[in-house]
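Chains as they are written, first to last, in my numbering: chain A, 1 to 311; chain B, 1001 to 1294. Where is the CB? At the ideal position from N, CA and C, for every residue including glycine.
What follows is the structure, encoded as structure tokens:
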């Protein structure tokens, strides 16, 4: 080591001055580059995570100083019939929304993945609802599904079917919200599936054809397995989204009629920002987070065993 | 293509199989029979929104509905514009969207470059913490984020809308993955020439990363333009509201004619729909990219 140091000195390679070494060092550059992001993420992601957990053990009305009440929020939550029904609604919603939107998108993507006349128009039609806002979608469907003046009832009437109350009927409202959100998100799922379909190597399809595979068995044994990663992503992503249903409920039903569409995040919002029980709301948030975490991990675990990754 | 295979087998069986009825071929692809109704279901709600917005109040409130009004009634748009501070809504939304897009592009690029290329003390730990925050959805953090913004004195202001969205773990992750695919030789050559890290990022890495930057920018724009829950929580004054919240206030307000409400809804969607039509390919690639990369 000393020999080497002497050598460099002998050759005349001097170490750059200290200020240059400090300013030019990777340590300083690295930290300088990440500092703004670290501060923002710390303040608006890391601290809130801890705070949410802390809040859930407090009685906090967003105004007066909070005080600790231990597990009282969680105990109340376990006994709260309104929370239980919010969970039931959310589970029903998710169990319908995820398979319908993903299954529908799969069929639609296969249909859209071909060169026929007007295909650009069809694709555009399917994609436009994705950029339409949730609030606008809610307002549009509120009017489409209006029991008295709605165009959907008009179509039902035209084909001789009885008129429905849709969003004003406690037995139908949740299913209407499933339909509206499927309309809204179908295009996103189709985009993901189309990208995956276009990534399937053409020689695989040709090989299946040469081997005499029918169209259906090619789809089942070649295409579907290759869509596995896209499907897994969509299942995880749609489930997380579905468990957080809020906008459409707020705009179209405000949780009604008679609480039949109150979902977990809507209940959380009501508790924290209408009833000013932020501690109770935070307990709901923590439960929701744990539920999302468990569901996601289970899905990924099943996915890891079932999904085939080509690369 | 499938016919090529049956053609080979045909001579063997032709004698035993009764002559097939000539298959009736549709003059168009049968897929149209499936795609046309689907396109109708997707488009009719939006067309209906536009049609109702061009009707008079009495036309809108009629059963059976007036499907094709004879004349267009533009007054609904004037009424909508006067019924709510739409100019404020649009301005607030534009500020909210554009400044969060700018913030995300700047802060995420800087951090992503450091995570991708610079070795510094604590990098791995920071990155793991970052990935962990990706797991927690915003809805779960709604209440504490509200309290933090309140402590910063930014409740009921556009600034309060913006600050929590200036940077995201998602954006850093997305850009880092992209930066790592770039050839490192260019950067090394620039470093030997004495370029600083900042110069390398802005002169070499970012110009090569336009697809990834566009993806992040478009997703952030789409997200903030359509954001509803966060504005609903922190904005109380109507003139501070972005467009989606304003629209919801208009709908939830007192008696509102449907043609006027629809005119407001059309107006609220025009900017994003225009952006979508002109940059369709970019929008779709961006959305596809988020799916593939996760």
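**Prompt:** If residue 1215 of chain B and residue 1286 of chain B are in contact, beta carbons under 8 Å, what's the gap, nearest whole angstrom?
**Reply:** Here residue 1215 of chain B is taken as the residue at index 215 of the second chain, counted from 1. Here residue 1286 of chain B is taken as the residue at index 286 of the second chain, counted from 1. 4 Å between Cβ atoms; contact.
**Prompt:** Would you call the CB atoms of residue 1043 of chain B and residue 158 of chain A closer than 7 Å?
**Reply:** Working through the second chain from its first residue, we reach residue 1043 of chain B at position 43. Working through the first chain from its first residue, we reach residue 158 of chain A at position 158. No, Cβ-Cβ distance for residue 1043 of chain B and residue 158 of chain A is not below 7 Å.
**Asked** Looking at the structure shown, is residue 1070 of chain B part of a helix, part of a strand, or coil, going by DSSP?
**Response** For the purposes of this step, residue 1070 of chain B is taken as the residue at position 70 of the second chain. Residue 1070 of chain B: coil per DSSP, three-state reduction.
**Asked** Is the beta carbon of residue 105 of chain A sitting closer than 7 Å to the one on residue 223 of chain A?
**Response** Numbered from 1 along the first chain, position 105 holds the residue referred to as residue 105 of chain A. Numbered from 1 along the first chain, position 223 holds the residue referred to as residue 223 of chain A. Result no, Cβ atoms of residue 105 of chain A and residue 223 of chain A do not sit closer than 7 Å.
**Request:** Within the same chain, show all residues whose beta-carbon is closer than 8 Å to that of residue 960 of chain B, passing over the 5 residues directly before and after it, in chain order.
**Result:** For chain B, the structure presents residues 1001 to 1294; residue 960 of chain B sits outside this window and is missing.
**Message:** Within 7 Å of any Cβ in chain B, is that where the Cβ of residue 87 of chain A sits?
**Reply:** As a first step, residue 87 of chain A must be located in the first chain, where it is residue number 87. So, not an interface residue.
**Item:** Proximity of residue 116 of chain A and residue 1029 of chain B at Cβ, strictly below 7 Å
**Value:** Taking the first residue of the first chain as position 1, residue 116 of chain A is located at position 116. Taking the first residue of the second chain as position 1, residue 1029 of chain B is located at position 29. Cβ atoms of residue 116 of chain A and residue 1029 of chain B: closer than 7 Å.
**Message:** Taking 8 Å as the limit between beta carbons, can you name the residues of its chain near residue 304 of chain A, skipping five residues before and five after?
**Reply:** As a first step, residue 304 of chain A is located in the first chain; it is residue number 304 there, counting from the start. Counting only Cβ-Cβ distances below 8 Å, and skipping sequence neighbours, we find nothing.
**Request:** Please report the Cβ distance between residue 174 of chain A and residue 269 of chain A, rounded to the nearest whole angstrom; I am assuming they are in contact, meaning their Cβ atoms lie under 8 Å.
**Result:** By one-based count along the first chain, residue 174 of chain A stands at place 174. By one-based count along the first chain, residue 269 of chain A stands at place 269. Wrong, their Cβ atoms sit about 18 Å apart, outside the cutoff.
**Asked** To the nearest angstrom, how far is it from the Cα of residue 144 of chain A to the Cα of residue 261 of chain A?
**Response** Position 144 of the first chain, counted from the first residue, corresponds to residue 144 of chain A. Position 261 of the first chain, counted from the first residue, corresponds to residue 261 of chain A. Cα-Cα distance, rounded: 18 Å.
**Message:** With a threshold of 7 Å between beta-carbons, can residue 1282 of chain B be considered close to chain A, or not?
**Reply:** As a position in the second chain, residue 1282 of chain B is number 282, starting the count at 1. False, the Cβ-Cβ gap to chain A never drops below 7 Å.
**Message:** Just to check my reading of the structure: residue 134 of chain A and residue 184 of chain A have Cβ atoms closer than 8 Å, yes? What is that Cβ distance to the nearest angstrom?
**Reply:** What you label residue 134 of chain A is simply residue 134 of the first chain in a count that begins at 1. What you label residue 184 of chain A is simply residue 184 of the first chain in a count that begins at 1. Confirmed, Cβ separation roughly 7 Å.
**Under 8 Å from the C-beta of residue 285 of chain A: neighbouring residues of chain B** = Taking the first residue of the first chain as 1, we reach residue 285 of chain A at position 285. Result: 1139, 1140, 1141, 1142 and 1143.
**Prompt:** Under a Cβ-count criterion, where at least 16 other Cβ atoms within 10 Å of its own Cβ denotes burial, should residue 1239 of chain B be classed as buried or exposed?
**Reply:** Residue numbering aside, residue 1239 of chain B sits at position 239 when the second chain is read from its first letter. The residue is exposed, with fewer than 16 neighbouring Cβ atoms inside 10 Å.
**Asked** Would residue 1070 of chain B be called buried (16 or more neighbouring beta carbons within 10 Å of its own) or exposed?
**Response** Reading the second chain from its first residue, position 70 is the one you call residue 1070 of chain B. Counting Cβ neighbours within 10 Å, residue 1070 of chain B comes out exposed, since fewer than 16 surround it.
**Start-to-end residues for the alpha helix (DSSP H) that takes in residue 1277 of chain B** = The sequence position of residue 1277 of chain B within the second chain is 277, counting from 1. Residue 1277 of chain B -> alpha helix (DSSP H) spans 1258-1278.
**Asked** Could one say the Cβ of residue 56 of chain A lies closer than 7 Å to chain B's Cβ atoms, at least one of them?
**Response** By one-based count along the first chain, residue 56 of chain A stands at place 56. It does not; no Cβ of chain B falls within 7 Å.
**Message:** Per DSSP, what are the beta-bridge partners of residue 68 of chain A in this structure?
**Reply:** Working through the first chain from its first residue, we reach residue 68 of chain A at position 68. A/58.
**Request:** Starting from residue 1099 of chain B, follow the alpha helix (DSSP H) in both directions and report where the run begins and ends.
**Result:** If you number the second chain from 1, residue 1099 of chain B lands on position 99. From DSSP, the alpha helix (DSSP H) with residue 1099 of chain B extends over 1086-1117.
**Request:** Please name the residue in B/1074, B/1132 and B/1178 whose C-alpha comes closest to that of residue 1116 of chain B.
**Result:** Translated into the one-based positions of the second chain, residue 1116 of chain B becomes position 116. Measuring from the Cα of residue 1116 of chain B, the nearest candidate turns out to be B/1178.
**Prompt:** Run through DSSP, which three-state label would residue 126 of chain A get?
**Reply:** Here the question's residue 126 of chain A lines up with position 126 in the first chain. Residue state, collapsed to three classes: helix.
**Asked** Considering only residues of the same chain and omitting the five flanking positions on each side of residue 188 of chain A, which have a CB-CB separation below 6 Å?
**Response** As a working note, residue 188 of chain A is residue 188 in the first chain. Result list for residue 188 of chain A: 130, in chain order.
**Message:** Using 7 Å as the threshold, is the C-beta distance between residue 234 of chain A and residue 264 of chain A below it?
**Reply:** If you number the first chain from 1, residue 234 of chain A lands on position 234. If you number the first chain from 1, residue 264 of chain A lands on position 264. No, the pair does not count as a contact, with Cβ atoms beyond the cut-off.
**7 Å Cβ shell around residue 1107 of chain B - same chain, five flanking residues per side excluded** = Taking the first residue of the second chain as position 1, residue 1107 of chain B is located at position 107. Answer for residue 1107 of chain B: 1166 and 1167, listed in chain order.
**Request:** Enumerate, from N- to C-terminal direction, the unbroken alpha helix (DSSP H) stretches of 4 or more residues contained entirely within the region 1115-1156 of chain B.
**Result:** 1123-1134 and 1142-1151
**Request:** Would you please verify whether the beta carbon of residue 1136 of chain B is less than 7 Å from any beta carbon of chain A?
**Result:** Along the second chain, read from residue 1 onward, the residue named residue 1136 of chain B stands at position 136. Taking Cβ atoms only, chain A reaches closer than 7 Å to residue 1136 of chain B, which makes this a yes.
**residue 1294 of chain B versus residue 299 of chain A - alpha carbon distance** = Indexing the second chain from 1 puts residue 1294 of chain B at position 294. Indexing the first chain from 1 puts residue 299 of chain A at position 299. Caution is warranted here: a pLDDT of 41 is assigned to residue 1294 of chain B, below 50, making its placement in the model unreliable, and the coordinate value is therefore given only provisionally. Whole-angstrom Cα-Cα distance: 14 Å.
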